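Structure first, then comments.
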Amino acid sequence: MYNSIISITLFAASTLAIVIPSPAFNLPTGWEYSGCYTDSTQRRELNSDFYFDMGSKAMNAETCIPFCESRGFAVAGTEYSGECFCGPKIPLQMGTTGCYMPCAGDAMQVCGGPDRLTIYTSITTNPGPAGWVSKGCYTDNVSVRALTALEQVPGGSEQLTVAACTSTCGALGYTLAGVEYAGECFCGNEVQGMNVPFQGGCGMTCKGNSSEFCGGPNRLNLYAVA
Ligand SMILES: *[C@@H]1O[C@H](CO)[C@@H](O)[C@H](O)[C@H]1NC(C)=O
Ligand SMILES: *[C@@H]1O[C@H](CO)[C@@H](O)[C@H](O)[C@H]1NC(C)=O
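Per mature numbering (1 follows the signal peptide of the UniProt record, and there is no 0): the sequence shown = residues -17 to -1, 1 to 209.
And the structure:
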């Protein structure tokens, strides 16, 4: 009698214990979860470095991220329970579904799926490429632009990085450079109009470097010649 009650209770408990693994939340400083992305074994999206670890049951975000970070990469992705891939840029195509496999090293945590990467990125405000220094986030009013010259970086807006913008502005003789709305590079010599330093709104990553910020809507990350 008691035995059967206990076994029914245990059965109910184990049924309820089916967990849907979720992305890791206790991440190394500066890293954040970026989503589920498609990958393919023929053409790896993150192909700068990798390791597979099914055997030791240690694969999870806490082991994959430091591996990629120590090799200088700002994007880390776990896939198919036991695979860790590193690269410099977030893959193009968001998977939205398909990341459901538990990590080999943590059944509560998701580690991608078949042809799916669970992606984590390290995003920072670039302190300034060589010869330039960050002046922070500024407002940019479209009717009175903070910096008046909108310039193309080599390769176009898809290739925008902070360094691409500062070198483009520098080559044209300007002393200020501003990156805005992920893909725009503005140059000038002084901040125009009523535009001022502003806390917040510079949260868009650069189209050409997903590990650094490139302003936002009506906001730019401003850089000055050092
Ligand atoms: C990408 O951004 C990071 C962070 O600002 C920076 O250290 C790195 O040099 C950048 N890479 C390129 C190619 O601009
Ligand atoms: C932008 O500048 C115009 C003209 O000075 C002003 O009327 C408008 O209020 C400004 N908009 C913002 C969002 O600051």
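No residue lacks a Cβ here, since even glycine has one placed at the ideal position from N, Cα and C.
Every value quoted in this text rests on a predicted model; they were computed, and no experiment measured them.
For Leu159, the residue or residues it bridges with in DSSP: In the sequence shown, counting from the first residue as 1, residue 159 sits at position 176. The partner list for Leu159 (beta bridge, DSSP) reads Gly171 and Ala207.
Helix, strand or coil at Phe(-7) [DSSP, three-state]: What you label residue -7 is simply residue 11 of the sequence shown in a count that begins at 1. At Phe(-7) the pLDDT is 45, less than 50, meaning the model places this residue with poor confidence and gives no usable figure here.
Touch test, the segment 40 to 55 against the segment 182 to 202, Cβ-Cβ under 8 Å, three pairs minimum: no
Per-residue DSSP class, three states only, for Phe181: The residue you call residue 181 lines up with position 198 of the sequence shown. In the structure shown, Phe181 sits in coil (DSSP, three-state: anything other than H, G, I, E or B).
Distance between beta carbons of Asn43 and Gly95, contact taken as under 8 Å: As a first step, residue 95 must be located in the sequence shown, where it is residue number 112. As a first step, residue 43 must be located in the sequence shown, where it is residue number 60. Contact flag wrong, Cβ pair sits at about 11 Å.
6 Å Cβ shell around Asn201 - same chain, five flanking residues per side excluded: Here residue 201 is taken as the residue at index 218 of the sequence shown, counted from 1. For Asn201, where only same-chain residues beyond five positions count, the Cβ hits under 6 Å are Asp123.
Close Cβ partners of Gln142 (< 8 Å) along its chain, the five nearest in sequence each way excluded: Along the sequence shown, one-based indexing puts residue 142 at 159. Here Gln142 has Val136, Lys190 and Gly191 as same chain residues with Cβ atoms under 8 Å from its own Cβ, once five neighbours each way along the sequence are excluded.
Sub-8 Å separation of Asp32 and Cys69 beta-carbons: By one-based count along the sequence shown, residue 32 stands at place 49. By one-based count along the sequence shown, residue 69 stands at place 86. Contact: yes.
Whole alpha helix (DSSP H) elements within the segment 27 to 85, 4-residue minimum: With a minimum length of 4 residues, the continuous alpha helix (DSSP H) runs that stay inside the segment 27 to 85 are 44 to 53.
For Gln92, the residue or residues it bridges with in DSSP: Along the sequence shown, one-based indexing puts residue 92 at 109. BP columns for Gln92 point to Ser5.
Neighbourhood of Cys134 by C-beta distance below 6 Å, restricted to the same chain and skipping five residues each side: Along the sequence shown, read from residue 1 onward, the residue named residue 134 stands at position 151. First, the amino acid is wrong: residue 134 is Glu here, not Cys. Correct list, in chain order: Thr151, Cys168 and Cys170.
Test item: CB-CB of Leu100 and Glu28 under 8 Å: As a position in the sequence shown, residue 100 is number 117, starting the count at 1. As a position in the sequence shown, residue 28 is number 45, starting the count at 1. Yes, they are a contact pair.
Local conformation of Met(-17) per DSSP, three classes: Residue -17 sits at position 1 when you count from the first residue of the sequence shown. With a pLDDT of only 37 at Met(-17), under the threshold of 50, the placement of this residue in the model should not be trusted, and no figure is reported.
Delimiting residues of the alpha helix (DSSP H) encompassing Gly153: If you number the sequence shown from 1, residue 153 lands on position 170. Per DSSP, Gly153 belongs to the alpha helix (DSSP H) from Val145 to Ala154.
beta-carbon Thr80 near ligand 1 non-hydrogen atom, thresh 7 Å: What you label residue 80 is simply residue 97 of the sequence shown in a count that begins at 1. No - ligand 1 has no heavy atom lying nearer than 7 Å to the Cβ of Thr80.
Closer than 7 Å: Ser126 CB and nearest ligand 2 heavy atom: Within the sequence shown, residue 126 is the residue found at index 143, counting from 1. Yes, since a heavy atom of ligand 2 falls inside the 7 Å radius drawn around the Cβ of Ser126.
Contact with chain B by Cys168, beta-carbon distance below 8 Å: Structure shown: chain B not included; a single protein chain is present.
Inter-residue CB distance, Glu45 and Ala7 (contact presumed, cutoff 8 Å): Numbered from 1 along the sequence shown, position 62 holds the residue referred to as residue 45. Numbered from 1 along the sequence shown, position 24 holds the residue referred to as residue 7. Confirmed, about 7 Å.
Selected residue, minimal CA-CA separation from Cys120, among Met77, Ala207 and Val2: Your numbering for residue 120 matches position 137 in the sequence shown. For the residues Met77, Ala207 and Val2, the minimum Cα distance to Cys120 belongs to Ala207.
Own chain, CB closer than 6 Å to Gln25, minus 5 neighbours either side, in chain order: Taking the sequence shown and counting its residues from 1, the one referred to as residue 25 is at position 42. So no residue of the chain qualifies.
Cross-strand partners of Asn124 (DSSP beta bridge): Position 141 of the sequence shown, counting from 1, holds the residue named residue 124. DSSP output for Asn124 lists Val127 as bridge partner(s).
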